[in-house]
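Engineer: Protein chains in written order, with our numbering: chain A, 403 to 713; chain G, 3 to 223; chain S, 13 to 502.
Don't be surprised by glycine CBs; every beta carbon is placed ideally from N, CA and C.
Since we're looking at a predicted model, the values are computed, not measured.
1) Is residue 158 of chain G close to chain S, meaning its C-beta is less than 8 angstroms from at least one C-beta of that chain?
2) Does residue 25 of chain G come within less than 8 angstroms of chain A when only Cβ atoms are used?
3) By how many angstroms is the C-alpha of residue 137 of chain S removed from the C-alpha of residue 8 of chain G?
4) Along the region 168–185 of chain S, what residues have a CB closer than 7 angstroms to any CB found in chain G?
5) Extract the residue ranges of the beta strand (DSSP E) inside the region 57–143 of chain S, only unbroken runs of 3 or more that lie entirely within it.
6) Can you tell me where the alpha helix (DSSP H) holding residue 512 of chain A begins and where it ends?
7) Between the C-alpha atoms of residue 133 of chain S and residue 328 of chain S, what's the straight-line distance to the nearest angstrom?
8) Give, in chain order, every unbroken run of the alpha helix (DSSP H) that is at least 4 residues long and sits entirely within the region 650–704 of chain A.
9) Name the DSSP bridge partner or partners of residue 34 of chain G?
10) Step through the CB atoms of chain S and report whether any lies within less than 8 angstroms of the CB of residue 29 of chain G.
11) Under the three-state reduction of DSSP, which class applies to residue 459 of chain S: helix, strand or coil?
12) Please name the residue in S/204, S/209, S/266 and S/264 whose C-alpha comes closest to that of residue 282 of chain S.
13) Is it right to say residue 316 of chain S is buried, meaning 16 or more other beta carbons lie within 10 angstroms of its own, or is it exposed?
14) Can you list, in chain order, the stretches of the alpha helix (DSSP H) that have 4 or more residues and sit fully within the region 566–610 of chain A?
15) Looking at the strands, I want to know which residues DSSP matches up with residue 373 of chain S.
16) For chain G, is any of its Cβ atoms less than 8 angstroms away from the one on residue 121 of chain S?
17) Looking at residue 495 of chain S and residue 286 of chain S, is the spacing between their C-beta atoms short of 8 angstroms?
18) Can you name, in chain order, every residue of its own chain whose Cβ lies under 6 angstroms from the Cβ of residue 4 of chain G, other than the five neighbours on each side?
19) My output table needs one value for residue 643 of chain A: the three-state DSSP class, helix, strand or coil.
20) Could you spell out where the alpha helix (DSSP H) holding residue 493 of chain S opens and where it closes?
21) Taking the DSSP output, what are the residues bridged to residue 154 of chain G?
22) Using a Cβ-Cβ cut-off of less than 7 angstroms, list which residues of the region 145–165 of chain S approach chain G; keep chain order.
23) At the level of alpha carbons, what is the spacing between residue 335 of chain S and residue 278 of chain S?
24) Quick one: what's residue 488 of chain A bridged to in DSSP?
25) Can you grab the Cα-Cα spacing for the pair residue 163 of chain G / residue 72 of chain G, in whole Å?
26) Between residue 502 of chain S and residue 76 of chain S, what straight-line distance do the alpha-carbon atoms span, to the nearest angstrom?
27) Compute the Euclidean distance between the alpha carbons of residue 35 of chain S and residue 112 of chain S, then round it to the nearest angstrom.
28) What first and last residue would you give for the alpha helix (DSSP H) that runs through residue 282 of chain S?
29) Just reading off the alpha helix (DSSP H) that residue 252 of chain S is part of, what are its end residues?
30) Just how far apart, CA to CA, sit residue 145 of chain S and residue 126 of chain S?
31) Since I believe residue 239 of chain S is in contact with residue 326 of chain S (beta carbons under 8 angstroms), could you give me their beta-carbon distance rounded to a whole number of angstroms?
32) Could you confirm whether any beta carbon from chain G is found closer than 8 angstroms to the beta carbon of residue 540 of chain A?
33) For residue 160 of chain S, which beta-bridge partners are listed by DSSP?
34) Could you check whether the region 234–252 of chain S touches the region 293–300 of chain S, counting it as contact only if at least three pairs of C-beta atoms, one from each stretch, sit closer than 8 angstroms?
35) If we ignore side chains and look at the alpha-carbon of each, how far apart do residue 555 of chain A and residue 413 of chain A end up?
36) What span of residues does the alpha helix (DSSP H) with residue 495 of chain A cover, start to end?
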């Protein structure tokens with residue numbers, strides 16, 4: 403809507419995204435009794451990558467060069483379509499949450515193509531693995547968000563948040579809880595965290611997401627890393643604001659924005675803590691067992707969808 | 003009692019029932035046997051909380067006793083017995099069931115929907131349809147399915163116990179539990195059953211050198 | 013009073029055997045206790061004949077003619093098994109197949125088993141009845157795993173897993189029954205599950221719930237009774253358990269499981285009308301008959317043969333209960349009576365042969381008549397009796413069920429019935445004939461058959477013959493009264 407809103411949300415998203423990464427890394431390190439990198443390290447990494455030169459494979463086509471921009475732009479657009487600190491979203495395309503999912507899928511599609519584009523074996527391997535994970539994770543995500551959307555009566559995300567805010571007793575609804583559980587598993591899968599994928603691994607044969615990015619360098623890599631961080635922020639925002647929209651303001655007054663921001667940050671912190679706990683207490687699953695975990699998410703989402711008609 | 007706390011109580015009951023169902027789903031693909039036992043213990047804990055909530059909301063005091071017994075026996079004593087068996091027979095992991103995990107999970111989803119269908123005519127006549135009867139039937143059916151699908155003896159025992167959890171939940175949902183002496187009898191039976199199953203599992207592990215029940219195939223016809 | 017004593021006696025016996033160390037004393041205690049049980053059961057029958065029904069503890073325990081019949085049969089079977097067990101286990105001990113400690117387990121578990129079976133018939137509360145049936149399952153698992161061989165453990169595992177699945181279904185059914193009555197009897201008192209109370213309120217029970225409840229009960233307790241298709245545990249358990257335990261399983265547990273089904277059948281008939289539950293019983297009965305028949309024909313193991321025979325008899329009883337009318341339940345209960353008296357004989361003979369030859373396969377055993385003449389003759393006689401040859405009582409009861417089915421329903425039920433029974437007769441006789449007659453195995457000598465084993469077998473044979481010709485009128489009246497209770501005339 404207004405330029406101010408768009409800018410505000412955009413800046414918030416861009417600034418917060420790497421911070422979440424830093425938080426999770428620091429949390430993991432502290433739990434493992436290390437000091438770990440600083441909280442602001444991801445920003446320094448992005449800055450460092452931005453200034454470096456890029457190396458592009460001889461076999462790569464225009465897709466390789468275009469993908470980082472597409473990935474970044476879709477992630478940024480999606481972050482503008484999710485209510486973060488107020489219920490009003492700056493961008494609102496047809497279908498609300500459906501557009502969100504498809505934009506994310508578009509970004510993923512291009513990254514997968516670009517990995518194949520360099521004719522490197524690891525890239526192809528990464529693409530196929532990523533698509534395997536996506537094949538089950540995406541339906542699970544869709545179903546779990548739809549289950550909330552059905553109770554709210556609309557797929558427009560700001561509408562969903564407003565409606566959930568009005569009927570606060572929904573929080574204890576079993577369908578709600580099931581959808582939340584499913585979405586949490588999807589979060590782990592889509593952001594490539596243990597137990598699905600190890601984001602810090604250096605072994606190419608165990609990579610899922612990282613394998614697709616092996617050929618990227620310089621500012622391309624910076625853009626894609628930022629896009630990944632934005633996607634992670636988007637999914638976490640979906641989790642906290644759709645399922646527990648406590649503290650999301652409705653107006654544009656300074657007070658409601660401030661409380662919304664504080665509530666948002668607090669919820670993100672809690673969710674990041676949960677992710678840290680899950681990552682630290684689990685080992686990475688072998689690849690053929692990842693569909694098992696994701697089918698659990700799928701069934702939970704299915705049950706969440708069915709529950710308003712049955713409970 | 004104000005209206006709000008009754009509403010809250012009902013919400014809590016539904017929440018606990020859903021939590022029990024989630025735990026049952028997590029049990030389906032679970033490989034590590036100690037985790038299986040821990041999940042069962044968690045599910046029984048939710049069950050005890052649910053029973054206590056029902057007792058509070060409906061002023062049915064004998065259900066408190068049943069909840070307390072469940073807490074004692076199913077959350078503490080039985081998992082202890084089961085863990086002892088695992089230690090004695092030195093098994094830590096389950097082998098793949100007769101059906102692979104994603105297929106079993108899909109079947110469990112189907113069984114849950116079936117449970118809802120079966121419970122639907124009953125929940126209409128209840129005062130508050132929490133859906134706990136649906137969850138109870140689902141737990142029961144999924145427990146049975148797990149008993150047939152799992153191969154290690156101890157997983158079959160835990161699956162049976164989760165089916166019994168479903169039955170207890172159904173009892174609470176339908177009639178605020180059965181008469182106390184019957185509940186005590188049932189729990190006592192379960193306890194003795196687990197002990198005997200433990201003895202039998204130990205003997206099987208010793209004689210067959212594995213707890214894999216698919217090796218029990220000599221008797222035919 | 014007799015009710016309480018009936019329940020206390022086996023518990024005292026179990027405790028006593030737990031404290032004893034010598035084999036002789038354990039045998040003595042079990043024999044005396046079994047005799048006391050039988051006497052108490054007879055007394056119960058007399059009381060019920062006089063007072064129509066006996067109850068204790070404010071309706072917690074209750075016995076009418078049906079209960080008294082089941083208790084009497086259980087007591088009789090445990091009595092003859094106690095006598096037989098003496099000789100049977102002495103041989104096992106001599107051979108070193110079991111240790112004294114194992115034997116002590118038998119003498120502790122069996123009275124607990126019998127206690128549970130008595131409680132099934134005497135409990136008024138359907139929930140306590142469930143607890144007792146589950147208790148009997150638990151008490152008998154270790155008896156099936158007695159010899160601790162791979163096959164015994166497999167049989168015991170199947171028994172308890174399939175049994176537990178069935179029992180859970182039965183619990184669900186009991187729960188639904190309680191729910192069906194909850195709006196009438198309330199949910200506070202224990203009375204809500206008492207059978208007598210439910211019968212009084214039968215017409216106002218929730219029919220939908222009761223229908224579903226009966227289905228679950230039939231599947232659940234039917235698993236315990238070994239009704240097809242829930243019978244798969246039976247052949248394994250009957251072939252692996254020691255002969256006396258198998259006899260109690262076949263003759264007593266079967267009755268108690270059927271008793272459980274019958275209580276719900278009576279309730280369901282009163283509430284829903286007889287067509288629903290009788291129809292189900294009829295179908296399952298015919299199914300059992302049809303499934304048991306081919307397995308009997310192609311059987312290679314005589315212990316498993318006896319299991320299929322008991323499945324087929326269960327089928328006959330269910331058909332009798334299912335066709336209803338005036339003769340159906342009476343014929344079925346008469347069948348239950350004769351079956352419980354005759355079946356242990358077969359188990360004892362089979363046990364003798366198995367112990368002597370070390371195997372239960374037909375092919376490896378032959379010409380028993382040369383080696384153990386009394387056993388062989390009684391085996392043949394028992395086979396003839398069990399398959400319903402006159403003048404054995406089973407002939408009369410089968411004929412009664414047959415005439416009830418001809419009277420009540422279409423002729424095709426009767427023809428399936430006759431076809432199966434005749435086929436079973438042929439197959440059974442063929443197998444046992446080969447076993448008993450024919451050339452003996454080389455190298456085996458005639459063995460002395462101890463009196464401990466022969467006595468119960470001869471006793472049963474005599475009773476079967478006697479009751480075939482003349483059933484004492486108190487017993488006849490008891491069975492008739494029980495038949496009336498099932499038929500809903502009360």
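Structural biologist: To lay it out plainly:
1) Interface residue, yes.
2) Taking a beta-carbon distance threshold of 8 angstroms, residue 25 of chain G does not count as an interface residue toward chain A.
3) Taking C-alpha positions only, residue 8 of chain G is separated from residue 137 of chain S by approximately 33 angstroms.
4) Listed by position along the chain: 168, 169, 172, 173, 176, 177, 180, 183 and 184.
5) As for any beta strand (DSSP E) of minimum length 3 sitting wholly inside the region 57–143 of chain S, the runs are 66–68 and 73–75, ordered along the chain.
6) Following the DSSP letters along the chain, one finds residue 512 of chain A inside the alpha helix (DSSP H) bounded by residues 499–519.
7) C-alpha separation (whole angstroms): 21 angstroms.
8) For the region 650–704 of chain A, whole alpha helix (DSSP H) runs of length 4 or above, ordered along the chain, are 656–683.
9) Its beta-bridge partners are G/95.
10) No, residue 29 of chain G does not count as interfacial toward chain S.
11) It is coil, neither helix nor strand.
12) When only C-alpha atoms are compared, the closest one is S/209.
13) With at least 16 other beta carbons inside 10 angstroms of its own, residue 316 of chain S counts as buried.
14) DSSP runs (the alpha helix (DSSP H)) wholly in the region 566–610 of chain A: 576–592.
15) Partner residues in the beta bridge of residue 373 of chain S, as assigned by DSSP, are S/313.
16) Answer no: the Cβ-Cβ gap between residue 121 of chain S and chain G never drops below 8 angstroms.
17) No.
18) For residue 4 of chain G, the predicted model reports a pLDDT of 47, less than 50, meaning its position is unreliable; a value from the coordinates is still stated below. Answer for residue 4 of chain G: no residue qualifies.
19) Three-state DSSP puts residue 643 of chain A in a helix.
20) Unbroken alpha helix (DSSP H) run through residue 493 of chain S: 485–499.
21) According to DSSP, residue 154 of chain G bridges with G/214.
22) Per Cβ criterion, the list reads 146, 147, 150, 153, 154, 157, 160, 162, 163 and 165.
23) Rounded to whole angstroms, residue 335 of chain S to residue 278 of chain S spans 14 angstroms at the Cα level.
24) A/651.
25) In a straight line, the C-alpha of residue 163 of chain G is about 12 angstroms away from that of residue 72 of chain G.
26) In this prediction, residue 502 of chain S has a pLDDT of 37, which is less than 50 and means its spatial position is unreliable; nothing more can be read from the coordinates.
27) Taking the straight line from one Cα to the other gives about 7 angstroms.
28) For residue 282 of chain S, the enclosing alpha helix (DSSP H) has its first and last residue at 266–284.
29) In this chain, the alpha helix (DSSP H) harbouring residue 252 of chain S covers 245–252.
30) Rounded to the nearest angstrom, the two C-alpha atoms are 11 angstroms apart.
31) Contact between residue 326 of chain S and residue 239 of chain S holds, with the beta-carbon distance rounding to 6 angstroms and staying under 8 angstroms.
32) By this cut-off, residue 540 of chain A is not an interface position.
33) Paired residues: none, contrary to the question.
34) The region 234–252 of chain S vs the region 293–300 of chain S: in contact.
35) When rounded, the distance between both Cα atoms is 31 angstroms.
36) Looking at the DSSP string, residue 495 of chain A is not in any alpha helix (DSSP H), and its letter there is neither H nor E.
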